[in-house]
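Novice: I have a structure here, written as structure tokens, and I will follow up with some questions on it.
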Amino acid sequence: MSEPISAAAAADRLRGADRIVLLTHQYPDGDTLGCGFALCRALQKLGKTVRVECPDEIPEKYGYLSEGVPCPAFEPAFVCAVDVADARLLGPLEGVYAGRIALCIDHHGSNTGYARELVLRADYAAAAMVVREVIAALGVEPDRGIAECLYTGIATDTGCFKYSNTTAQTLRMAAEMLDFGVNNEMINRTMFDVKTRARVELERQALDSMRFYLEGRCAVMLVTNAMIARSGAGENDLEGLAPIPRQIEGVWVGVTMREKKDGSFKVSVRTGNHADASAICTRLGGGGHLRAAGCTLAGPAERAVEAVLDVVRRTLSAPSAGGR
26 MSEPISAAAA ADRLRGADRI VLLTHQYPDG DTLGCGFALC RALQKLGKTV
76 RVECPDEIPE KYGYLSEGVP CPAFEPAFVC AVDVADARLL GPLEGVYAGR
126 IALCIDHHGS NTGYARELVL RADYAAAAMV VREVIAALGV EPDRGIAECL
176 YTGIATDTGC FKYSNTTAQT LRMAAEMLDF GVNNEMINRT MFDVKTRARV
226 ELERQALDSM RFYLEGRCAV MLVTNAMIAR SGAGENDLEG LAPIPRQIEG
276 VWVGVTMREK KDGSFKVSVR TGNHADASAI CTRLGGGGHL RAAGCTLAGP
326 AERAVEAVLD VVRRTLSAPS AGGR
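Per our numbering, the sequence shown runs over residues 26 to 349.
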């Protein structure tokens, strides 16, 4: 298991290292990429040789995060993961860096402790907030590029500050990033408003697939490979589908199941105050946060849906369900 350390101690480790690789998770989102490129930019300002590695292709909409950031080739001497709760989320990079991850910076209470040392703030809305503290401890003043990376992480993991994980501290840190020149209008529009026609078509098909269970308290939406192919959607179009089922009135547990190329399903669970999303996904081999969590289940779809419904049914029938 990881040795817990502070943000200041993590800064000391990074200050004493060079040839640093920063790892982000599969199906990258704004928080993991924002963390990676913010820390990369800060370390490069200190003269470090550093690069970000992602197991998947980075969606085009995140291009501004890496703009102007060199990606040098070198043999890593220090490996750090950001916003990665479980080594399995590294996908093909897990095998490359197994046993070599010296540090993890995270905000997931379900972190499995795979790195040698861990900076964990489960009370923070985004890992970017933890990275902000590490950067401050490094003595690096954010420039606009660093600030836009951090703001992106905070904004995306709070649903543009709509989710219950948004606190006064979250808003203060986001406001601080605006003081450094962040174009929040551009970021918010890019992250939350703009959709391709292929994405709209994919949403239409996914909505057609939605089914309601447990007297309407649970909604399950499927996104299959066939839907993706018919819509012409690319990787850029697949992010942000998870919250849709939970947005429906009367739904306590929203489940989005995205088929992977190998036929398994990436399951994303979103809940209100009637259920713990992390507890549901932990029982299915995954984890996450109180209101947003995920796991991976083998196909076919019918079996995966039944596995999820069995856990959700038991969760909602528990004595504490509905009383929080």
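For every residue, glycine included, the Cβ atom is placed at its ideal position computed from N, Cα and C.
Just to confirm, is the Cβ distance from C60 to A153 under 8 Å?
Specialist: Residue 60 sits at position 35 when you count from the first residue of the sequence shown. Residue 153 sits at position 128 when you count from the first residue of the sequence shown. Yes. Within cutoff.
Novice: Examine the Cβ distances between the segment 118-131 and the segment 243-251 and report whether three or more of them are shorter than 8 Å.
Specialist: In short, these stretches do not touch, since the Cβ pair count stays below three.
Novice: Rounded C-beta distance between A323 and S289? I'm assuming under 8 Å.
Specialist: Taking the first residue of the sequence shown as position 1, residue 323 is located at position 298. Taking the first residue of the sequence shown as position 1, residue 289 is located at position 264. At roughly 5 Å, the Cβ-Cβ gap stays under 8 Å, so A323 and S289 are in contact.
Novice: Which parts of the segment 88-175 are runs of the alpha helix (DSSP H), unbroken and 4 residues or longer, counting only runs that do not cross its ends?
Specialist: Runs of the alpha helix (DSSP H) inside the segment 88-175: 88-91, 117-122 and 152-163.
Novice: Using a Cβ-Cβ cut-off of 6 Å (strictly less than) and excluding sequence neighbours within five positions of G279, which residues of its own chain qualify?
Specialist: On the sequence shown, residue 279 is found 254 positions in, with the first residue counted as 1. The answer, listed in chain order, is A244, P270, R271 and R295.
Novice: Three-state secondary structure (DSSP) at S293?
Specialist: Within the sequence shown, residue 293 is the residue found at index 268, counting from 1. S293 falls in the strand class under three-state DSSP.
Novice: Taking Cβ positions, are N223 and D262 nearer each other than 8 Å?
Specialist: Start at 1 with the first residue of the sequence shown, and residue 223 comes out as number 198. Start at 1 with the first residue of the sequence shown, and residue 262 comes out as number 237. In the sequence under discussion, the amino acid at residue 223 is Ala, which differs from the Asn named in the question. Yes, these two residues count as a Cβ contact at 8 Å.
Novice: Which ranges does the beta strand (DSSP E) cover as unbroken runs of at least 3 residues, wholly within the segment 205-245, from first to last along the chain?
Specialist: Within the segment 205-245, the complete beta strand (DSSP E) runs of at least 3 residues are 236-238.
Novice: Which residue or residues does DSSP assign as beta-bridge partners of V46?
Specialist: In the sequence shown, the residue the question calls residue 46 occupies position 21. According to DSSP, which records beta bridges pairwise, V46 is partnered with R76 and V104.
Novice: Taking DSSP as the reference, what is the three-state secondary structure of R308?
Specialist: The sequence position of residue 308 within the sequence shown is 283, counting from 1. Coil.
Novice: Could you tell me whether the segment 46-55 touches the segment 110-120, using the rule of 3 or more Cβ pairs below 8 Å?
Specialist: Contact holds: three or more Cβ-Cβ distances are below 8 Å.
Novice: DSSP three-state label for P29, please.
Specialist: Here the question's residue 29 lines up with position 4 in the sequence shown. It is a strand residue.
Novice: If you count every other CB in all the chains shown that lies within 10 Å of the CB of I212, and 16 or more means buried, which is it?
Specialist: Start at 1 with the first residue of the sequence shown, and residue 212 comes out as number 187. Buried, because 16 or more other Cβ atoms sit within 10 Å of the Cβ of I212.
Novice: Per DSSP, what kind of secondary structure is V276 in: helix, strand or coil?
Specialist: For this step, residue 276 is matched to residue 251 along the sequence shown. Looking at V276 - three-state DSSP - the assignment turns out to be coil, as it is neither helix nor strand.
Novice: Please work out which residues of its chain come closer than 8 Å, Cβ to Cβ, to L341, disregarding the five sequence neighbours upstream and downstream, and give them in chain order.
Specialist: Position 316 of the sequence shown holds residue 341. Result list for L341: L239, R242, C243, W277, V278, H299, A300 and G347, in chain order.
Novice: Going along the chain, which residues of its own chain have a beta-carbon closer than 7 Å to the beta-carbon of P29, five neighbours each way excluded?
Specialist: Indexing the sequence shown from 1 puts residue 29 at position 4. Taken in chain order, the residues that qualify are L143 and L145.
Novice: Go through its chain and collect everything with a Cβ distance to T74's Cβ below 8 Å, but skip five positions before and after it.
Specialist: Reading the sequence shown from its first residue, position 49 is the one you call residue 74. If we look at T74 and ignore the five residues flanking it on each side, its Cβ neighbours are D43, R44, I45, P97 and F99.
Novice: For E201, does the three-state DSSP call read helix, strand or coil?
Specialist: Position 176 of the sequence shown, counting from 1, holds the residue named residue 201. Looking at E201 - three-state DSSP - the assignment turns out to be helix.
Novice: By Cβ distance below 8 Å, which residues in the same chain neighbour R349 in space, the five residues on each side in sequence not counted?
Specialist: Here residue 349 corresponds to residue number 324 of the sequence shown, with the count starting at 1. Bear in mind that the predicted position of R349 carries a pLDDT of just 37, short of 50, making it unreliable; the figure below should be weighed with that in mind. Same-chain partners within the cutoff: N298 and H299.
Novice: Buried or exposed for K291, going by 16 or more other Cβ atoms inside 10 Å?
Specialist: Locating residue 291 in the sequence shown gives position 266, where the first residue counts as 1. So K291 ends up on the buried side.
Novice: Identify the continuous alpha helix (DSSP H) that holds G55 and give its terminal residues.
Specialist: Position 30 of the sequence shown, counted from the first residue, corresponds to residue 55. Looking at the DSSP string, the run of the alpha helix (DSSP H) that includes G55 is G55 to K70.
Novice: What residues are listed by DSSP as bridge partners for R283?
Specialist: Within the sequence shown, the letter at position 258 stands for residue 283. In DSSP, R283 forms a bridge with V248 and K291.
Novice: Can you grab the Cα-Cα spacing for the pair A106 / A200, in whole Å?
Specialist: Taking the sequence shown and counting its residues from 1, one reaches residue 106 at position 81. Taking the sequence shown and counting its residues from 1, one reaches residue 200 at position 175. Approximately 26 Å, taken between the alpha carbons.
Novice: Pop quiz: Y139 and D111 are said to be a contact at Cβ under 8 Å. What is the actual Cβ separation, rounded to whole angstroms?
Specialist: On the sequence shown, position 114 is the one that residue 139 refers to. On the sequence shown, position 86 is the one that residue 111 refers to. Right, the Cβ-Cβ distance comes to about 7 Å (below 8 Å), so this counts as a contact.
Novice: Here's a check: name, in chain order, each residue in its chain whose Cβ is nearer than 8 Å to the Cβ of S303, leaving out the five neighbours to either side.
Specialist: As a position in the sequence shown, residue 303 is number 278, starting the count at 1. If we look at S303 and ignore the five residues flanking it on each side, its Cβ neighbours are G134, S135, G312, G313, H314, L315 and A318.
Novice: Name the residue from T281, R255 and E264 whose alpha carbon lies nearest to the alpha carbon of R236.
Specialist: By one-based count along the sequence shown, residue 236 stands at place 211. Ranking the options by Cα distance to R236, first place goes to T281.
Novice: Tell me which same chain residues have a C-beta within less than 7 Å of the C-beta of T192, skipping the five on either side of it?
Specialist: Sequence index remark: in the sequence shown, residue 192 carries index 167 (1-based). Correct list, in chain order: A150.
Novice: Determine the direct distance from the alpha carbon of V219 to that of G178, and round the result to whole angstroms.
Specialist: Taking the first residue of the sequence shown as position 1, residue 178 is located at position 153. Taking the first residue of the sequence shown as position 1, residue 219 is located at position 194. Distance between the alpha carbons of G178 and V219: 18 Å.
Novice: Flag this pair as yes or no: are the beta carbons of D54 and E264 separated by less than 8 Å?
Specialist: Stepping through the sequence shown from its first residue, residue 54 is reached at position 29. Stepping through the sequence shown from its first residue, residue 264 is reached at position 239. Result yes, Cβ atoms of D54 and E264 sit closer than 8 Å.
Novice: Taking 8 Å as the threshold (C-beta atoms), are V207 and A172 in contact?
Specialist: By 1-based counting over the sequence shown, the position of residue 172 is 147. By 1-based counting over the sequence shown, the position of residue 207 is 182. Closer than 8 Å, so yes.
Novice: May I ask you to report which of helix, strand or coil DSSP gives A300?
Specialist: Walking along the sequence shown from the start, residue 300 turns up at place 275. Three-state DSSP puts A300 in coil, outside helix and strand.
Novice: Measure the C-alpha to C-alpha separation of S256 and A34 and round it to an integer number of angstroms.
Specialist: Looking up residue 256 in the sequence shown gives position 231. Looking up residue 34 in the sequence shown gives position 9. Answer to the nearest angstrom: the Cα atoms are 48 Å apart.
Novice: Under DSSP, the beta strand (DSSP E) around T321 begins and ends at which residues?
Specialist: Here the question's residue 321 lines up with position 296 in the sequence shown. It spans A317 to L322 - the beta strand (DSSP E) in which T321 sits, taken as one unbroken run.
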